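For reference, the structure is listed below as C-alpha cells.
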C-alpha cells in the first residue's frame, strides 16, 4: 500500500481466532474509508497478500488468542515493533472461546481434537495482557462497530479513549428490554461491561459476558476476589439454575477468571 506522508502507520493483525473482529472493522463501511484518510495502513491480511513489513507501527490492532508458541513469538515481535498495541475482541481481552479448554483436562482435550498430538502445542489460554503490555482493550465478541470507530478515531487523533463503566443492564433499560432475571432466567448483564447496546437481550438472548466484567476486584495480595455485585448475582443465579450451567456460562468467554 502506498505510504501517506505524516499519517501514523497502522497494522491490523490476527493471532489464532475466527477473524470476526476484522470483519467488524470492514463492517464500518464508508466510515472505514474516513479512518483510512487519517492513517497509513501498512498491514491488513484481508486487503493484501504480502509479507508483513519489517517496520515500526505507530498503532497496531491485534485480535485472537495465543494458542501456540508461534502465536506467542509473533505477539512478542509485534509488541516490540508497535508504539501502541490495542487488543480487540473477547479472545484478545479475556481469552474468549478458546479459554474453555482451560477448564477441562487439557491432555484429554488435545487427544479429542488431534489424532496425532506430537508437536502440537497445548498452551494455557490467557488474555494478551498476561503476555505483553497492552495499551488499550476493545472488548466484545464481536466488538461493537460504533465503539470500534469512536475508539480508533480518538486514538489516531492522540486522545485517550474511555469505555464507560456501566453494566449491560443500563443499556437494556434504554432499549426497554424485558429483564431476564425478573423472568427467572439466568443472565450476566448486571456484572458485564456495557457498550454493546445490549444487543443480545435486545434480540431475546441472555447476556453471556463477552465484554468481560465491569470491575476486577483484588485483595491486598493482588488476588482476584468476587465483588459485592458478583456475589449478589451468583446468589440469584443459584436459585434459577444448576451450578453446572452457571459455571458453563461464566467459562464461555473467560470471564470466570476475572471475577472469582
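Numbering (our numbering), first residue to last: 777 to 1036.
From the three backbone atoms N, C-alpha and C, an ideal C-beta is built for every residue, glycine too.
Remember, it's a predicted structure, so these values are computed and weren't measured experimentally.
| Check | Outcome |
| --- | --- |
| Own chain, CB closer than 8 Å to residue 1042, minus 5 neighbours either side, in chain order | Past the boundaries of the shown model lies residue 1042; the chain is included only from 777 to 1036, so the question cannot be answered. |
| Spatial distance of residue 860 from residue 908 (CA atoms) | 12 Å |
| Residue closest to residue 798, alpha-carbon to alpha-carbon, out of 1019, 924 and 1022 | 924 |
| Limits of the unbroken alpha helix (DSSP H) element including residue 886 | 882-889 |
| Every unbroken alpha helix (DSSP H) inside the segment 935-995 [4 residues or more] | 944-950 and 975-978 |
| Whether residue 823 touches residue 787 by CB criterion (9 Å) | no |
| Residue 778 to residue 802 span [Cα, whole Å] | For residue 778, the predicted structure reports a pLDDT of 47, less than 50, and the residue's modelled location is therefore unreliable. A value from the coordinates is still provided. The straight-line gap from Cα to Cα measures roughly 20 Å. |
| Cβ neighbours of residue 840 in the same chain (closer than 7 Å, five flanking residues each side left out) | 790, 791, 792, 793, 867 and 868 |
| Start and end residues, beta strand (DSSP E) containing residue 837 | 833-839 |
| Inter-residue Cα distance where the pair is residue 974 and residue 809 | 27 Å |
| Proximal residues to residue 931 (C-beta, below 8 Å), its chain only, five neighbours per side dropped | 835, 860, 862, 912 and 937 |
| Segments of 3+ residues assigned as beta strand (DSSP E) that fall wholly inside the segment 843-920 | 858-864 and 912-914 |
| Option in 1016, 1015 and 928 with minimal Cα separation from residue 804 | 928 |
| Length of the line joining the Cα atoms of residue 897 and residue 891 | 14 Å |
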